[in-house]
Amino acid sequence: MKHALAIVLGLLMLEAAAASASPCPQIVLQPKVMTPATRALAPGEGVVVSWLGYWNKTAVPFDVDRAKWRFSNGATPASTPPSETVLAPGLSVFLPDATATVFEDGKRAAIFRVTRSTAAARELPAPRIVSLRRTAPTKVKYPSVNTVVTVRDVPATAIALVAYAKDGKTAGSWGELADSAATIYSQSSCVPSSPNTRDWQPGELIRIAWIDAAGRVSKLSAPVKVVAVPER
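Per my numbering, the sequence shown runs over residues 163 to 394.
Set out below in structure tokens:
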């Protein structure tokens with residue numbers, strides 16, 4: 163009996179050790195301000211915030227409780243939450259009111275300081291798609307899925323790409339631009355996705371739009387097919 167109990171305890175210890183030795187530490191969704199601090203906001207523009215997977219100990223320089231975020235005139239915060247437009251799952255733009263000078267968290271710490279511009283913002287053209295590829299290797303220890311859009315002629319103010327269903331009405335995912343590409347979907351055993359994020363399937367037709375640094379959405383691309391990258 164003692165020998166059997168020792169075996170059971172040993173197995174439990176091995177499982178615990180394996181869990182603690184996982185190559186994927188705990189990662190949680192945390193907010194990140196995407197709008198550059200130097201960006202002056204024209205009418206209809208706002209502060210773009212994303213929610214991405216970061217190490218759970220990553221320091222965020224403001225209170226992450228979005229329910230308490232407010233625009234303020236510098237002296238008194240607004241009594242109601244700011245107007246929020248969801249651009250895609252995990253990507254929103256918060257629109258300041260006419261008197262706002264700072265976007266604050268619930269502890270009155272500044273998330274973003276608002277400066278104004280009277281210049282009319284130029285409408286972004288539709289993205290020109292070079293490729294849309296989905297990789298989903300299974301013959302690996304830790305399977306993952308990554309869908310990458312490559313584009314050309316990137317506007318200077320563009321910060322992200324948003325993917326829509328073929329009808330152009332429903333945004334299902336997005337990705338931050340890195341040079342001329344954006345990963346519009348990424349999933350692994352330890353990286354969470356925002357609720358309602360779409361994993362676009364091979365053969366599916368989707369449409370792509372630019373998002374600029376103040377939350378403006380471009381015209382949509384023509385439908386483009388998701389291409390599966392063959393597994394080696």
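Quick reminder that beta carbons are idealized off the backbone N, C-alpha and C, glycines included.
CA-to-CA distance, residue j to residue i, given in whole angstroms
| i | j | result |
| --- | --- | --- |
| S355 | A260 | 34 Å |
| S350 | W362 | 15 Å |
| T263 | W231 | 14 Å |
| A183 | T300 | Because A183 sits at a pLDDT of 36, beneath the cut-off of 50, its placement in the model cannot be relied upon, and the point is left open. |
| T359 | R270 | 31 Å |
| P185 | K303 | In this prediction, P185 has a pLDDT of 46, which is less than 50 and means its spatial position is unreliable; what the coordinates show is noted afterwards. Each residue's alpha carbon lies about 11 Å from the other. |
| A384 | V292 | 12 Å |
| P243 | L257 | 10 Å |
| S306 | A281 | 44 Å |
| V311 | S348 | 12 Å |
| F233 | A202 | 15 Å |
| L382 | P364 | 20 Å |
| V333 | F274 | Val is not the amino acid found at residue 333; the sequence shown has Ala there. One C-alpha to the other measures close to 26 Å. |
| T297 | S335 | 16 Å |
| P251 | K331 | 14 Å |
| L345 | G268 | A small fix is needed here, since residue 345 is Thr in this sequence, not Leu. One C-alpha to the other measures close to 32 Å. |
| T200 | A340 | 20 Å |
Residues of its chain near residue i, where Cβ-Cβ distance is below 6 Å and the 5 sequence neighbours each way are ignored
| i | result |
| --- | --- |
| E366 | V388 |
| M196 | V210, S212, I321 |
| P357 | none |
| A237 | none |
Spatially closest choice to residue i from the options, by CA coordinates
| i | options | result |
| --- | --- | --- |
| V391 | T200, P385, L294 | L294 |
| G377 | P299, S254, Q192 | S254 |
| E246 | R278, V211, P239, R275 | V211 |
| P317 | P289, R394, R201, T277 | P289 |
| A204 | T277, A272, D329 | T277 |
| E338 | A240, A298, A325, K331 | A325 |
| N308 | E393, A327, K331, G268 | E393 |
| S329 | K194, V222, T200, V386 | The amino acid at residue 329 is misidentified as Ser; the sequence shows Asp. The shortest Cα separation from D329 among K194, V222, T200, V386 belongs to V386. |
| A229 | S241, K331, P251, T345 | S241 |
| L191 | G268, V226, P239 | V226 |
Sheet register partners of residue i (DSSP bridge)
| i | result |
| --- | --- |
| G236 | Bridge partners of G236: none, in fact. |
| S279 | Partner(s): none; S279 has no beta bridge. |
| G215 | L191 |
| F265 | F233, F274 |
Beta-carbon proximity list for residue i, same chain, < 7 Å, skipping 5 on both sides
| i | result |
| --- | --- |
| V353 | I189, G215 |
| N235 | T261, A262, T263 |
| W372 | L286, P289, P317, A320, L323, S380 |
| R314 | R290, V292, S342 |
| V248 | S254 |
| S279 | A202, L203, A204 |
Beta-carbon proximity list for residue i, same chain, < 8 Å, skipping 5 on both sides
| i | result |
| --- | --- |
| A283 | A204, G206, E207, D374, A376, R378 |
| A272 | F224, V264, F265, E266 |
| P239 | R232, F233, E266, R270 |
Cβ distance (whole Å) where residue i is taken to contact residue j below 8 Å
| i | j | result |
| --- | --- | --- |
| A327 | I368 | 6 Å |
| V222 | P193 | 6 Å |
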